[in-house]
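Below: the structure, in structure tokens.
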Amino acid sequence: MAYKHLYNINSPKDIKNMNIKELQELSAELRTKIIDTVSKNGGHLASNLGVVELTIALHKTFDLEQDKIIWDVGHQGYAHKLLTGRRDRFATLRKAGGISGFINPKESKYDTFLAGHSSTSISAALGIAKTNELKGSLAYTISVIGDGALTGGLAFEGLNNAGEGTKNFIVVLNDNSMSINKNQGSIANYLNNIRSSYFYLNLKSKTVDILSKVPLLGKPLISITRAVKNKVKALIYPKTIFENLGFVYLGPVDGNNLKNLMYIFSCAKKMQKPVLVHVKTKKGKGYLPAEVKPETYHNYSSNVVKERTFSSNFGECILKLAQNNKRICTITAAMRDQVGLLEFAKQLPNRFFDVGIAEEHAITFAAGMATNGFIPVVAIYSTFLQRGFDQLVNDVACQNCHVVLAVDRAGFVGEDGETHQGLLDAAFLSTIPNTTIYAPSSYKEQEQCLAWAISGKGLCVVRYPKGSEHSAADSFFEPNKEYLWLPQPDKDILLVTYGRLFETLVELPERFKKLGISVSLLKLIKIHPILDKVLKIASDYRTVIFLEEGIETGSIAQQFGAKLHQVGGKTNFFMRAVQDKFIEQGSIEQQYKQIGLDIASIEQFIKEASLTVIKRKNREGFKAAKEKVQDLNFKGAN
Ligand SMILES: Cc1ncc(C[n+]2csc(CCOP(=O)(O)OP(=O)(O)O)c2C)c(N)n1
20 MAYKHLYNIN
30 SPKDIKNMNI
40 KELQELSAEL
50 RTKIIDTVSK
60 NGGHLASNLG
70 VVELTIALHK
80 TFDLEQDKII
90 WDVGHQGYAH
100 KLLTGRRDRF
110 ATLRKAGGIS
120 GFINPKESKY
130 DTFLAGHSST
140 SISAALGIAK
150 TNELKGSLAY
160 TISVIGDGAL
170 TGGLAFEGLN
180 NAGEGTKNFI
190 VVLNDNSMSI
200 NKNQGSIANY
210 LNNIRSSYFY
220 LNLKSKTVDI
230 LSKVPLLGKP
240 LISITRAVKN
250 KVKALIYPKT
260 IFENLGFVYL
270 GPVDGNNLKN
280 LMYIFSCAKK
290 MQKPVLVHVK
300 TKKGKGYLPA
310 EVKPETYHNY
320 SSNVVKERTF
330 SSNFGECILK
340 LAQNNKRICT
350 ITAAMRDQVG
360 LLEFAKQLPN
370 RFFDVGIAEE
380 HAITFAAGMA
390 TNGFIPVVAI
400 YSTFLQRGFD
410 QLVNDVACQN
420 CHVVLAVDRA
430 GFVGEDGETH
440 QGLLDAAFLS
450 TIPNTTIYAP
460 SSYKEQEQCL
470 AWAISGKGLC
480 VVRYPKGSEH
490 SAADSFFEPN
500 KEYLWLPQPD
510 KDILLVTYGR
520 LFETLVELPE
530 RFKKLGISVS
540 LLKLIKIHPI
550 LDKVLKIASD
560 YRTVIFLEEG
570 IETGSIAQQF
580 GAKLHQVGGK
590 TNFFMRAVQD
600 KFIEQGSIEQ
610 QYKQIGLDIA
620 SIEQFIKEAS
630 LTVIKRKNRE
640 GFKAAKEKVQ
650 DLNFKGAN
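If you use the working numbering, the sequence shown corresponds to residues 20 to 657, in order.
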């Protein structure tokens with residue numbers, strides 16, 4: 020496609036003089052660019068296609084040099100990025116060092132507030148609006164929130180707070196009746212009811228269109244008609260929940276119609292009260308496969324996705340377990356398909372609960388079920404579980420409820436970047452009393468860990484990574500084992516790890532054998548509490564190296580090292596984990612490399628640790644040992 024307009028737009032001011040026809044052409048160009056890029060790089064295709072007109076209308080109506088848009092979740096910001104000076108870098112979307120797949124203030128002054136997790140935009144926007152008032156600024160603050168994100172409790176905390184007379188504060192409810200899957204719950208039903216009055220505003224804008232063409236009489240007639248219509252509306256429709264919360268409610272309006280949108284936003288600007296503009300958009304708009312199956316194109320992956328994954332395996336295993344145990348229920352917070360529960364939902368619909376984007380609720384809801392004799396299994400991404408920490412502590416663990424967590428996407432997640440990494444769960448979950456954590460690295464282990472968790476006590480966690488098992492994973496499965504120890508004759512070095520990192524290490528013992536260094540492997544499957552047996556094994560080694568795909572502070576590695584120290588002995592302990600930082604987007608391989616957990620860096624790390632071993636073994640001085648290692652230069656190691 021030849022781009023007529025897109026390459027002339029370098030900042031929001033560049034669309035100010037464009038007419039409606041040009042803006043419509045621009046919509047088509049933005050769609051082409053988005054489809055083209057996402058087909059190569061992956062990304063949130065359907066959500067972005069749905070908001071193209073909405074983005075243009077916001078950019079056209081507001082002055083983004085002072086007004087601020089806060090995008091909820093921030094997954095729908097591609098058109099916004101393309102219109103705010105990032106067009107030429109857009110090909111790097113979701114790549115290491117490139118443009119983030121989410122709104123990110125590090126990238127642009129027009130990205131006001133970092134997002135990735137849902138339902139935060141109203142609170143954040145309100146913080147800005149209130150402090151604008153303190154500053155005496157008349158700038159507008161606009162939160163754009165989806166109907167899915169609106170099911171998150173935090174959104175209502177924000178609405179509750181905002182309704183009290185905040186000026187120049189606009190919430191745009193981007194309603195496409197979809198979360199990732201069909202939106203669930205009473206809020207979805209409620210919005211559906213409002214939507215059935217959809218013809219009303221359409222009619223109104225058509226009337227405005229027609230009347231405005233009548234010479235002289237047109238404008239006065241419009242205002243009379245409006246007054247009558249408002250009266251009629253008040254008679255027919257009860258107040259919306261938003262009006263009851265103190266907002267002026269405008270809508271619903273066709274959110275893929277630029278004229279309608281620009282008209283309604285210009286109305287919203289005139290109100291001296293907080294306004295909620297309800298726009299109805301089509302998810303996937305302009306790309307038929309995404310319009311028909313928006314859930315498939317919600318977060319499209321350009322990588323070949325294997326059929327069997329830890330998520331799908333979880334779904335199969337939990338379905339089998341639940342078919343034999345009527346007390347098992349599953350819970351998801353709006354991620355049914357992604358966590359592998361589609362089949363469960365079909366087969367056992369009464370024991371499947373999609374609670375919407377409501378992770379805190381999901382956990383306390385599970386605790387309630389547990390107190391009533393059921394076994395709830397909450398399937399949740401590691402990153403979103405962070406939302407439920409207090410609920411895990413107080414509602415689950417403190418009263419020792421038996422709740423199972425199936426923690427998906429534990430570890431690096433790749434292209435979704437820093438807001439979606441699953442790097443904290445092992446650390447924070449292991450601080451909670453009455454908690455057991457398993458970290459399977461193969462499908463068979465996952466099945467076994469789930470069975471243990473179901474028959475366990477207290478908070479039982481099974482955490483597993485994004486994607487599929489390692490091709491060698493299956494061969495290391497040993498039934499009923501909570502750890503796997505692959506010893507070498509000499510107790511020089513013990514590599515300890517858990518999860519998918521293990522299988523990448525299995526060739527190292529052979530390589531080091533050639534160098535005269537014995538490297539044994541220990542894989543933890545039960546990672547918390549740390550087993551005494553395992554500590555006993557480790558304490559016999561001269562050097563223990565713990566490798567962990569998680570944050571270092573509070574890590575299992577740190578705890579392991581501390582316990583090893585308590586046990587006594589002369590073991591040298593080293594660890595490598597993610598140090599105090601957020602890991603940006605890239606491929607999972609690049610993220611391993613960044614942290615020094617790729618195989619070459621691990622070899623180097625062992626090499627450095629080997630200095631100590633060689634020094635002890637040969638009773639040589641440090642310098643001589645170092646020379647020896649350099650001399651070896653790991654010939655044949657690659
Ligand atoms: C706290 C949290 N839970 C889950 C998600 C995963 N997630 C990303 S987008 C999305 C659906 C959002 O639906 P909606 O707000 O209606 O936006 P749409 O994609 O339909 O435009 C979900 C569940 C998330 N980002 N944050």
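Think of the CB as a built atom: it goes at the ideal place given N, C-alpha and C, for glycine as much as any other residue. In this text the structure is predicted, and so the values were computed from the model without any measurement.
Around the beta carbon of Asn27, fewer than 16 other beta carbons lie within 10 angstroms, which makes this residue exposed. Selection Ala416, Val423, Asn391 and Ile382 evaluated against Gln405 yields Ile382 as nearest (Cα-Cα). DSSP places Phe593 within a strand segment (E or B) once states are collapsed to three. Inter-segment contact for the region 67-80 and the region 131-150 is absent: fewer than three beta-carbon pairs are separated by less than 8 Å. Just so you know, the alpha carbons of Leu280 and Ala446 end up roughly 46 Å apart. The C-beta of Pro452 has fewer than 16 other C-beta atoms within 10 Å across all chains shown, which makes the residue exposed.
Pairing Ser401 with Val422 gives a Cβ-Cβ distance that is not under 7 Å. When DSSP assignments are scanned along the region 439-499, the uninterrupted stretches of beta strand (DSSP E) that are 3 or more residues long and fall wholly within it turn out to be 454-457 and 478-482. Cβ-Cβ distances below 6 Å link Asn67 to Ile53, Gln95 and Tyr97 in the same chain, with the five nearest sequence neighbours on each side left out; the list follows chain order. Only residues of its own chain outside the window of five on either side were considered, and among them Gly265 have a CB closer than 8 Å to the CB of Glu183, listed in chain order. Cβ-Cβ distances below 7 Å link Lys59 to Ser321 in the same chain, with the five nearest sequence neighbours on each side left out; the list follows chain order. In this structure, the straight-line span from the alpha carbon of Leu112 to that of His63 is close to 11 Å. Apart from the 5 residues on each side of it in sequence, Thr131 sits with its Cβ closer than 6 Å to the Cβ of Lys87 and Ile89 in its chain, given in chain order. DSSP lists Asp427 as the bridge partner or partners of Tyr400. Per DSSP, Thr390 is one residue of the alpha helix (DSSP H) stretching across Glu378 to Thr390.
At least one heavy atom of ligand 1 is found less than 6 Å from the C-beta of Ala353. Shortest gap from the CB of Ser162 to any heavy atom of ligand 1: 6 Å or more. Assignment of beta-bridge partners to Met197 by DSSP yields Lys201. If you draw a 10 Å sphere on the C-beta of Met20, you find fewer than 16 other C-beta atoms in it, and that means exposed. Comparing alpha carbon positions, the residue from Ala377, Ala385 and Phe592 closest to Arg370 is Ala385. In this structure, the beta-carbon distance from Ile141 to Ser162 falls below 7 Å. When C-alpha distances from Gly375 are compared across Ile549, Lys289, Pro506 and Gly172, the shortest belongs to Gly172.
Looking at the backbone, the Cα of Val515 and that of Phe531 are separated by about 16 Å.
Lys289 is positioned such that its CB atom lies no closer than 7 Å to that of Val267. Secondary structure note for Pro271: its beta strand (DSSP E) is the uninterrupted segment Val267 to Asp273. Of the candidates Phe121, Lys545 and Glu379, the residue whose Cα lies closest to the Cα of Arg482 is Lys545. For Gly535 and Leu550, the gap between their C-alpha atoms comes out near 30 Å.
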